[in-house]
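Some notes on the structure that comes next.
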Amino acid sequence: DTFRERGYKVEGYLGVSEDRVVLSREIDQLQRIVHTLRTNPTDRRILLNAWNVGELEDMKLPPCHFVFSLWSRELDFETRLTMATDIGIQHNRHGHESIYTQMLCLLERDGGITENMLDELGIPKRILNSCLVQRSVDTFVGMPFNIAGYSILTHFLAKITGHMAGAFVHFGFDVHLYDNHMEGVEELMKREPPKESDPVVIFPHEWAELDDFKWEGVQVCGYSPLPWIKVPVAV
6 DTFRERGYKV
16 EGYLGVSEDR
26 VVLSREIDQL
36 QRIVHTLRTN
46 PTDRRILLNA
56 WNVGELEDMK
66 LPPCHFVFSL
76 WSRELDFETR
86 LTMATDIGIQ
96 HNRHGHESIY
106 TQMLCLLERD
116 GGITENMLDE
126 LGIPKRILNS
136 CLVQRSVDTF
146 VGMPFNIAGY
156 SILTHFLAKI
166 TGHMAGAFVH
176 FGFDVHLYDN
186 HMEGVEELMK
196 REPPKESDPV
206 VIFPHEWAEL
216 DDFKWEGVQV
226 CGYSPLPWIK
236 VPVAV
């Protein structure tokens with residue numbers, strides 16, 4: 006790769022004869038993740054890092070969630086079929102046509118399915134798991150948003166890199182509840198979880214690259230939220 010292809014650009018020149026070059030470099034971490042998952046999915050360095058040490062002192066607040074890591078593994082036939090079946094059932098339930106619902110139709114018609122048939126349908130052979138590391142966790146307001154956001158990101162990255170989404174793991178260091186959230190926490194603790202809530206994330210079939218992502222295109226089906234509990238954001 007040339008230095009330009011690797012993200013470097015010339016900012017200026019130094020010295021009397023301008024024989025020294027000032028370079029800067031921009032890294033698109035998400036695009037690099039996508040490229041690695043497509044070309045070298047067993048790489049153990051597939052992560053996004055928001056902890057820019059050189060800029061911490063200039064930040065109003067350093068990132069709370071600062072490392073997002075992904076790892077991919079190959080699926081055996083039985084696990085691949087089981088996962089694909091579960092996804093197909095969810096898609097059927099919400100009226101979404103996909104390669105997984107096509108697989109269910111073949112399974113019902115033929116009474117069985119082979120690995121070659123899964124390959125022909127484009128059923129992924131790999132599972133994508135992810136992990137978020139967070140230094141400071143606002144449990145009542147911030148954590149649900151972080152879990153939902155990074156889980157949706159995991160599903161999206163899985164879709165555009167030929168994976169099925171697997172587990173999402175969340176590590177928090179200083180995990181806390183703020184005093185001005187306690188009234189809301191007590192209200193939440195009195196509630197019964199909705200019995201029919203089983204959310205599934207669905208993206209448009211044609212989404213294939215990072216730039217295709219738009220929040221208005223994301224469907225979260227089967228989610229039955231309870232009434233919103235409003236609390237102040239702690240600063």
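Numbering of the sequence shown is given in my numbering, commencing with residue 6 and proceeding in unit increments. Think of the CB as a built atom: it goes at the ideal place given N, C-alpha and C, for glycine as much as any other residue. Note that the coordinates shown come from a computational prediction; the quantities given were computed from them, not determined experimentally.
Boundaries of the alpha helix (DSSP H) around His96: Phe82 to Arg98. Under the three-state reduction of DSSP, Leu231 is assigned to coil, being neither helix nor strand.
In the three-state reduction of the DSSP assignment, Lys14 falls in the strand class. Burial is judged here by how many other beta carbons sit within 10 angstroms of a residue's own beta carbon; Leu80 has at least 16 and is buried.
The distance from the Cβ of Glu197 to that of Ser229 is about 12 Å, inconsistent with a contact at the 8 Å cut-off.
Taking a contact as a CB-CB distance under 8 Å, the pair Leu52 and Thr166 does not count as one, their CB atoms being some 15 Å apart. Distance from the CA of Ser103 to the CA of Asn45, rounded to the nearest whole angstrom, comes to 26 Å. Secondary structure at Glu211: coil, using DSSP grouped into helix, strand and coil.
For Asp203, there is no enclosing beta strand (DSSP E), as DSSP gives it neither H nor E.
Burial is judged here by how many other beta carbons sit within 10 angstroms of a residue's own beta carbon; Val206 has at least 16 and is buried. Per DSSP, reduced to three states, the secondary structure at Glu102 is coil, with no helix or strand assignment. Distance between Phe176 and Asp24, taken at the CA atoms: about 48 Å. Under the DSSP definition of a beta bridge, Cys110 lacks any partner.
Distance check between Asp124 and each of Gly154, Asp115 and Leu86 places Leu86 closest, using alpha-carbon atoms only. Secondary structure of Ala172 (DSSP, three-state): strand. For Val27, the closest of Gln34, Glu221 and Leu19 by C-alpha to C-alpha distance is Leu19. Arg140 has its alpha-carbon roughly 24 Å from the corresponding atom of Gly171. With a minimum length of 3 residues, the unbroken runs of beta strand (DSSP E) contained wholly in the stretch 110-143 fall at 131-143.
The beta carbon of Lys130 sits closer than 7 Å to those of Glu79, Leu80 and Arg85, all from its chain and outside the five residues before and after it, given in chain order. Of the residues Glu83, Leu158 and Ser135, the one whose Cα lies closest to the Cα of Lys219 is Leu158.
The C-beta distance from Leu109 to Asn97 rounds to 7 Å, short enough to meet the 8 Å contact threshold.
In summary, His210 is exposed, with fewer than 16 beta-carbon neighbours lying within 10 Å of its beta-carbon over all protein chains present.
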